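Chemist: Residue 219 in the UniProt record's numbering sits at position 219 of the sequence shown; the count goes up by one each step and never skips.
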Amino acid sequence: MQIQRISTQLPEQSVSLVEQCELFELTSFKALIYKKFIGVEQIPVARPGEIDVMLEKVIREAIPEGEGKSVHVVIHAHTCPIVGQYGQITMPRILRRLGLYQAFFSGICANRCASFFDAIDVIRTILEQRKGGYGILVTGESALTQELRVVENTAVAGDAAGALLFSYDDICEHFGQLLAYRTHIFGQYSQGVWLENELRSSYEQSYQSMMKDVISATLSQGGVSIEQLRWIVPHSVNRKSWLELADAIHFERSRIMLDNIAHTGHCFGSDMMLNLQRLIHSNSLAKGDHYLMLAVGLGGSFGAALFRH
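#1: Once the 5 residues before and after residue 334 are set aside, which same chain residues still bring their CB inside 8 Å of it?
#2: For S190, I'd like the list of residues in its chain whose CB is within less than 7 Å of its CB, leaving aside the five on either flank, ordered along the chain.
#3: I232 and I256: beta carbons closer than 9 Å?
#4: Mind checking who Q2 pairs with in its DSSP beta bridge?
#5: Between which two residues does the alpha helix (DSSP H) containing P92 stretch?
#6: As an exercise, report each continuous beta strand (DSSP E) stretch of at least 3 residues that is fully enclosed by the region 219-298, in chain order.
#7: Please name the residue in L292, C267, G269 whose C-alpha comes closest to that of L279.
#8: Quick check on the DSSP output: the beta strand (DSSP E) that includes L306 runs from which residue to which?
#9: Whole-angstrom Cβ separation of Q13 and R47, contact assumed at under 8 Å?
#10: Three-state secondary structure (DSSP) at G132?
#11: Give the single residue among A305, I51, I123, I75 whose Cα lies nearest to the Cα of F105.
#12: Evaluate contact between the region 61-73 and the region 122-136, counting only Cβ atoms and requiring at least three cross-stretch pairs below 8 Å.
#13: Using the three-state DSSP reduction, which class does residue 318 fall into: helix, strand or coil?
#14: Would you give the residue range spanned by the beta strand (DSSP E) that I59 belongs to?
#15: Where does V40 sit, in a helix, a strand or coil, going by DSSP?
#16: Take every Cβ of the region 17-27, pair it with every Cβ of the region 144-157, and state whether three or more of those distances are shorter than 8 Å.
#17: Straight-line CA distance for V15 to V53?
#18: Could you say which of D259, H263, E128, L294 lies nearest to S282 if we only look at CA atoms?
#19: Determine the DSSP secondary structure at G107, reduced to helix, strand or coil.
#20: Considering only DSSP beta bridges, list what T8 is partnered with.
#21: Mind checking who S16 pairs with in its DSSP beta bridge?
#22: Exposed or buried, what is S209 when buried is set at 16 or more other beta-carbons lying within 10 Å of its beta-carbon?
#23: Beta-carbon within less than 8 Å of Q157's beta-carbon, same chain only, minus the 5 sequence neighbours each way: which residues are those?
#24: Report buried or exposed for T96, applying the criterion of at least 16 other Cβ atoms within 10 angstroms of its Cβ.
#25: Between G176, L199, G223, which lies nearest to D289 when the distance is taken from Cα to Cα?
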């Protein structure tokens, strides 16, 4: 299975974390701390209703002209249980407007930001059964509450949308052939941001080892060593944790794609699409390069997917 197209969208409005810290319920001092250690400066914030427009645009751009009827599955991987206004599910209305009546649709959010990899699994399974056609992995949502916008001492969330078009067709030009993917779930940490005392301490102490486990398992499944890996394409939580991971796995820091964090913050599942697109547009991926998408979902979910460009 291959990534044939990629499309991303950011909202028109971008907010300065330091200059407009009151919008994030942060003091100016705390905002400066976040800027230094998390690495974020600007946060893209969608206006009411804008995320729906962004979702529709990325899906439309992902579909090859005249190939709408060949789209067999659309999976929306999101972090929040509800996307959009309660009682008005966004995605089915968008798919109807795009004429994708025949496509199987589902939303997935159980593993939060790592639900991205659950979506890959569903798309692969359906396309294998159909023996052809397309599948679309969609991400995109808005951080509508303070708890979603600012994860204490960890991340500041931005708004974005993205879509990957997957195909089983044997084409010469593609953005990545899927070699392996894994999700590891550590249920003892399912309370996420509400972990307390010993469990919180245990999660923090075990974080790097849990990350190393999912990386090792995915690379092993794909038959690729860490030395053969050209890029890590992460979710953009914060610079500090990724630089610590690079040191822990003896991976060159400059080969973790962190350039977007300053201007996007953490855009939930869309991070990896934004980061992959930046690598593509900067001609940083050569034919045959291996890259690893990597994300952690609140609640102890760790996921990775290995691709060859």
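Where is the CB? At the ideal position from N, CA and C, for every residue including glycine. All of these numbers come straight from a predicted model, not from anything done at the bench.
Modeler: Looking at the atomic coordinates:
#1: The shown model of the chain, from 1 to 309, leaves out residue 334, and the question about it has no answer.
#2: Counting from one through the sequence shown, the residue named residue 190 turns up at place 190. Answer for S190: G299, G300, listed in chain order.
#3: Counting from one through the sequence shown, the residue named residue 232 turns up at place 232. Counting from one through the sequence shown, the residue named residue 256 turns up at place 256. In this structure, I256 lies closer than 9 Å to I232 by Cβ.
#4: Walking along the sequence shown from the start, residue 2 turns up at place 2. Bridge partners of Q2: S167, Q177.
#5: By 1-based counting over the sequence shown, the position of residue 92 is 92. Where P92 is concerned, the enclosing alpha helix (DSSP H) stretches over 90-97.
#6: 229-234, 290-297, all fully within the region 219-298.
#7: Indexing the sequence shown from 1 puts residue 279 at position 279. Closest in alpha carbon position to L279, among L292, C267, G269, is L292.
#8: As a working mapping, residue 306 is identified with position 306 in the sequence shown. Counting along the chain, the beta strand (DSSP E) containing L306 begins and ends at 301-308.
#9: Here residue 13 refers to the residue found at position 13 when the sequence shown is read from its first residue. Here residue 47 refers to the residue found at position 47 when the sequence shown is read from its first residue. Contact holds; Cβ gap of about 6 Å.
#10: Within the sequence shown, residue 132 is the residue found at index 132, counting from 1. In this structure, G132 counts as coil in the three-state DSSP scheme.
#11: For the purposes of this step, residue 105 is identified with residue 105 of the sequence shown, where counting begins at 1. Residue I75 is the option with its Cα nearest to F105.
#12: A contact exists between the region 61-73 and the region 122-136.
#13: Look at the range of the chain in this structure, 1 to 309, and you will see that residue 318 is not part of it.
#14: Your numbering for residue 59 matches position 59 in the sequence shown. First-last for I59: 50-62, but that is the alpha helix (DSSP H), not the beta strand (DSSP E).
#15: Mapped onto the sequence shown, residue 40 falls at position 40. Coil at V40, not helix or strand.
#16: Contact between the region 17-27 and the region 144-157 is established, with three or more Cβ pairs separated by less than 8 Å.
#17: Translated into the one-based positions of the sequence shown, residue 15 becomes position 15. Translated into the one-based positions of the sequence shown, residue 53 becomes position 53. Their backbone Cα atoms lie some 20 Å apart in a straight line.
#18: As a first step, residue 282 must be located in the sequence shown, where it is residue number 282. Checking every option, the nearest Cα to that of S282 belongs to D259.
#19: Locating residue 107 in the sequence shown gives position 107, counting from the first residue. DSSP places G107 in the strand class (E or B) of the three-state scheme.
#20: Here residue 8 corresponds to residue number 8 of the sequence shown, with the count starting at 1. G162.
#21: Indexing the sequence shown from 1 puts residue 16 at position 16. Per the DSSP secondary-structure output, S16 pairs in a beta bridge with Q42.
#22: By 1-based counting over the sequence shown, the position of residue 209 is 209. When all chains shown are included, S209 counts as exposed.
#23: Taking the first residue of the sequence shown as position 1, residue 157 is located at position 157. Just to set this straight, residue 157 is Ala in the shown sequence, not Gln. Result list for A157: I43, A143, L148, R149, V150, V151, G265, H266, C267, F268, in chain order.
#24: Sequence index remark: in the sequence shown, residue 96 carries index 96 (1-based). Reading off the sequence shown, one finds Arg at residue 96, where the question assumed Thr. A residue is called buried when at least 16 other Cβ atoms come within 10 angstroms of its Cβ; R96 does not meet this threshold and is exposed.
#25: As a first step, residue 289 must be located in the sequence shown, where it is residue number 289. Of the listed residues, the one whose Cα sits closest to D289 is G176.
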